[in-house]
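Asks: Structure below; questions to follow.
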Amino acid sequence: MIQDVIMLQRPHGHNIGGIIEHKAPTLTSSSYEHNNFVGIRKVVQVNPDTESNGKQPYQQNRVYDSNGICPAMCSAHAGNNPIVRHGTIYRRLTIKERSRLQTIPDWYRWECSDTQAAKMLGNGWTVEVIKHILSFL
Numbered sequence: 102m103i104q105d106v107i108m109l110q111r112p113h114g115h116n117i118g119g120i121i122e123h124k125a126p127t128l129t130s131s132s133y134e135h136n137n138f139v140g141i142r143k144v145v146q147v148n149p150d151t152e153s154n155g156k157q158p159y160q161q162n163r164v165y166d167s168n169g170i171c172p173a174m175c176s177a178h179a180g181n182n183p184i185v186r187h188g189t190i191y192r193r194l195t196i197k198e199r200s201r202l203q204t205i206p207d208w209y210r211w212e213c214s215d216t217q218a219a220k221m222l223g224n225g226w227t228v229e230v231i232k233h234i235l236s237f238l
């Protein structure tokens, strides 16, 4: 199960507090441990099948909630694409949706089968992240 860590900061002084998602608040010596709490949001596994001690160990059999956090997609089982749940409708991610997750522009045309494109997208690096890293060289 994938977990996302958040910080809950209680208000104090001029600080209004609140939920902080991507970074921890600044460490200070004024009661940091009493004003900040760690919360963990979990990815809910929608597929009720429990093959191994109440868990779904095989990634190709998992179904993820579209409103929550989604673990990384892997192409090891390209024929068994991840399924996204919208209410009671189940569908597989399209190549365009996978491309968007990897920041590939919509105008890009894949000159291969959908299966091969899914494998490349699953094994690829996010273009914008690599551009950012290489910009410092």
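The numbering of the sequence shown is the numbering used here, which starts it at 102 and goes up by one. Backbone N, C-alpha and C define an ideal beta-carbon position, used for all residues, glycine too.
Could you tell me the alpha carbon to alpha carbon distance between Q203 and E212, rounded to whole angstroms?
Replies: Using only the alpha carbons, I get a separation of about 17 Å.
Asks: Run through the DSSP bridge pairs and tell me what G119 is partnered with.
Replies: For G119, which the question treats as bridged, DSSP gives the partners Q110.
Asks: Would you give the residue range spanned by the alpha helix (DSSP H) that L235 belongs to?
Replies: That run of the alpha helix (DSSP H) goes 228-235.
Asks: Pull up the distance between the alpha-carbon of R199 and that of I120, whole angstroms please.
Replies: Their backbone Cα atoms lie some 30 Å apart in a straight line.
Asks: If you drop the 5 nearest sequence neighbours on each side, which residues of the same chain put their C-beta closer than 6 Å to that of T129?
Replies: With a pLDDT of 45 at T129, under the threshold of 50, the modelled position of this residue cannot be trusted, and the question is left open.
Asks: Do you know offhand how far L238's Cα is from L222's?
Replies: Their backbone Cα atoms lie some 25 Å apart in a straight line.
Asks: For a quick check, are the C-beta atoms of A219 and I205 less than 8 Å apart?
Replies: Cβ atoms of A219 and I205: not closer than 8 Å.
Asks: Can you tell me where the alpha helix (DSSP H) holding R199 begins and where it ends?
Replies: Unbroken alpha helix (DSSP H) run through R199: 196-202.
Asks: From the DSSP output, in three-state form, read off D215 for me.
Replies: It is helical.
Asks: CB-CB under 6 Å to T227, same chain, minus the five flanking residues each way: which ones, in chain order?
Replies: Around T227: Q203, T204.
Asks: How is L62 classed by DSSP in three states: helix, strand or coil?
Replies: Outside the shown range of the chain, which is 102 to 238, sits residue 62, and nothing can be said about it.
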